[in-house]
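Reading through the structure tokens given below for one structure.
Here it is in structure tokens:
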């Protein structure tokens, strides 16, 4: 989609200065086939919509009538899981409005539904099984939404998660009182926080993460037209990749540092948008351990190639061609 929609900004009259800042009355934010056009008036927004439709038709594409609409920022809209909306703030903002980007209601409902299904499937299983299954979900959701105004949402979901923990405990120990349950499953398990209501396994010290523990960190835009292919900006891109390491589970951070942020199979950056897998140099089925010396962090597709002896290894120079082939192979898109 990035290739198919290349040039859309120029066609819609979006302009930037040398520092990459918008100059003009229009702005475009796009991720693959999902995009938002910002205009200063309703009339201009409708004109931009017509221009986009004409530009897309030349490429055999079209706008989805069901999903394309013109709204004012005071009404708000959902984009990539976030809700973007202007809220009245007469006492704190010069314009009288403040733009807040929060997790959308739909995203919160989907998170609850997914976690609810997991809790139901985990009934009767050990606490360690619960933590192993839920912690990656909690960590991933919080890391994705940490760039927005999400603190209140995180705290609300923590209360909801506490209720699910209580249901799980009461279901497994129907004849035990609340004091016994609290003593067995809750405590100050996180040594870095003075929180006595952390759910986990006291015998091992493992605990369930809370979303509110994830610090809010705003996304930093790429400077101007900086390209990862520019050798002069290698240090700049390495620094951006280093920041992504913080989003990984603690047990993987050491692997990333040891590999200098690179996939050991293809040599490309680990942070190219692909899912990451742990590769055991000595297979677990043959007695391999979980020690760092036996583990490597690789891309999902690289991991599949490693275990498929018929597939040739990806070379660093072919990383871009491989990514392009995946785009072509996954041509289904919605507009």
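In this note's numbering, the protein residues as written are 784 to 1118.
Don't be surprised by glycine CBs; every beta carbon is placed ideally from N, CA and C.
Just so you know, these numbers come straight off a predicted model, no measurement behind them.
In this structure, the straight-line span from the alpha carbon of residue 869 to that of residue 1033 is close to 37 angstroms. By the beta-carbon neighbour count (other beta carbons within 10 angstroms, threshold 16), residue 1043 is exposed. By the 16-neighbour rule on beta-carbons within 10 angstroms, residue 1086 is buried. Non-local C-beta neighbours of residue 883 in its own chain, meaning closer than 7 angstroms and more than five positions away in sequence, comprise 868, 870 and 932, ordered along the chain. Look at the beta carbons and you see the stretch 995-1004 touching the stretch 920-935: at least three pairs across the two are nearer than 8 angstroms. Classified as exposed, residue 977 has fewer than 16 neighbouring CB atoms from the shown chains inside 10 Å of its CB. Fewer than three Cβ pairs drawn from the stretch 1016-1029 and the stretch 1066-1073 lie within less than 8 angstroms of each other, which leaves the two stretches out of contact. Residue pairing of residue 1019 in beta bridges, as defined by DSSP: absent, with no partner found. Each of 887, 912, 861 and 1076 was checked against the Cα of residue 1065, and the nearest Cα belongs to 1076. Residue range 1059-1063 is occupied by the beta strand (DSSP E) that includes residue 1063.
The C-beta distance from residue 813 to residue 788 rounds to 7 angstroms, short enough to meet the 8 angstroms contact threshold. Secondary structure at residue 972: coil, using DSSP grouped into helix, strand and coil.
For residue 817, the beta-bridge partners assigned by DSSP are 814. The stretch 944-952 and the stretch 1003-1019 do not touch, with fewer than three beta-carbon pairs separated by less than 8 angstroms.
In the DSSP annotation of this structure, the continuous segment of the alpha helix (DSSP H) that includes residue 793 starts and ends at 791-794.
For residue 861 against residue 889, the beta-carbon gap comes to about 6 angstroms, under 8 angstroms, which counts as contact.
In the displayed model, residue 930 falls within coil according to three-state DSSP, outside both helix and strand. Residue burial annotation: residue 1040 is exposed, with fewer than 16 other C-beta atoms found within 10 angstroms of its C-beta. Cβ neighbours of residue 1045 within its own chain (closer than 8 angstroms, five residues either side excluded): 1051, 1052 and 1053. With a cutoff of 8 angstroms on beta-carbon distance, residue 887 and residue 865 are scored as near each other. A check of alpha carbon separations from residue 1004 across 786, 802 and 785 identifies 802 as the nearest. Shown here, residue 807 sits in coil according to DSSP, grouped into three states, outside any helix or strand. Within its own chain, the residues whose Cβ lies closer than 7 angstroms to the Cβ of residue 1060, once the five positions on either side in sequence are excluded, are 1081, 1083 and 1086, listed in chain order. Residue 921 sits close to residue 994, with the two beta carbons spaced by under 8 angstroms.
For residue 894, the enclosing alpha helix (DSSP H) begins and ends at 888-904.
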